[in-house]
Structures are given as C-alpha cells and as structure tokens.
Amino acid sequence: MSIKIKQADEIEQILCHKFTRFMMVRAESFVILRRKPISGYDISFLITNFHTESMLKHKLVDFIIQFMEDVDKEISEMKLSLNARARIVAESYLTAFGS
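Residue numbers for the sequence shown follow this note's numbering, beginning at -17 and rising by one.
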C-alpha cells in the first residue's frame, strides 16, 4: 500500500520530503513501513500474509489511517512553525534597517 501526501506548495514539498526521509531511516521501528517508497508515492507499506496473520487486521487499518492523519498534521504544524520563525527573522532583519 502506497500513499501520496498532499503538497500544496513548495514549502510543503520540502517538508514532506524531509519528514518522509526521517521516517524511512527509522523503518525498522515500523514493522510494515518500507525503507524506500514505490515510485510516484511518498510513503509505502509492505503488508504480507505473515503480517495479516500475526496482527489484528482492523488494528492494521486503524494504524495506517492514524498514521496518515498524523503525518498530515505533523507537516501542517511544521509549516506553521516555519512561517512563524520566518516572520520573526524578517521582522528582526527589517528593524535593523529601521533604526
């Protein structure tokens, strides 16, 4: 199963790329997360027969849905934080010229 994350602008593309790389480096911690996504997608999961037999199927589905919601929320929060930091830097830079 592969997922493409919503990326409305260039900042979200950069944040998404950085976040997914962060997750892929830690792929061993997630049993079903692939280290490298399928071409054209941002995140890929590999769910085998072994996984469906050893794990509860509804819990797998719940995990993937919760994971997608958390990734979207995390990227939105990073974008807000980045914009706030950029605003503070721009204000301090412009006050240097105002004095």
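The beta carbon of each residue, even a glycine, is placed where N, CA and C say it ideally should be. Every value quoted in this text rests on a predicted model; they were computed, and no experiment measured them.
- Query: Pick from M(-17), E(-6) and S58: whose alpha carbon is nearest that of L28?
  - Reply: Locating residue 28 in the sequence shown gives position 46, counting from the first residue. Of the listed residues, the one whose Cα sits closest to L28 is M(-17).
- Query: Just checking my contact of D24 with I(-13) at CB under 8 Å: how many whole Å lie between their CB atoms?
  - Reply: What you label residue 24 is simply residue 42 of the sequence shown in a count that begins at 1. What you label residue -13 is simply residue 5 of the sequence shown in a count that begins at 1. Your pair D24 and I(-13) checks out as a contact, with CB atoms roughly 5 Å apart and the cut at 8 Å.
- Task: Provide the residue(s) that pair with L15 in DSSP beta bridges, ordered along the chain.
- Result: By 1-based counting over the sequence shown, the position of residue 15 is 33. L15 is bridged by DSSP to F27.
- Mind checking who S(-16) pairs with in its DSSP beta bridge? Mapped onto the sequence shown, residue -16 falls at position 2. S(-16) is bridged to S26.
- Task: Taking only the alpha-carbon atoms, compute the straight-line gap between K39 and D52 and give it to the nearest angstrom.
- Result: The count along the sequence shown starts at 1 and reaches residue 39 at position 57. The count along the sequence shown starts at 1 and reaches residue 52 at position 70. Whole-angstrom Cα-Cα distance: 20 Å.
- Span separating the alpha-carbon of R8 from that of K18: Along the sequence shown, one-based indexing puts residue 8 at 26. Along the sequence shown, one-based indexing puts residue 18 at 36. Cα to Cα, R8 sits roughly 11 Å from K18.
- Task: Consult DSSP for Q(-11) and reduce its assignment to one of helix, strand or coil.
- Result: Walking along the sequence shown from the start, residue -11 turns up at place 7. Correct three-state label for Q(-11): coil.
- Look at the alpha carbon of I70 and the alpha carbon of M50, and state the distance between them as a whole number of angstroms. In the sequence shown, residue 70 corresponds to position 88, counting from 1. In the sequence shown, residue 50 corresponds to position 68, counting from 1. So the alpha carbons of these two residues sit roughly 31 Å apart.
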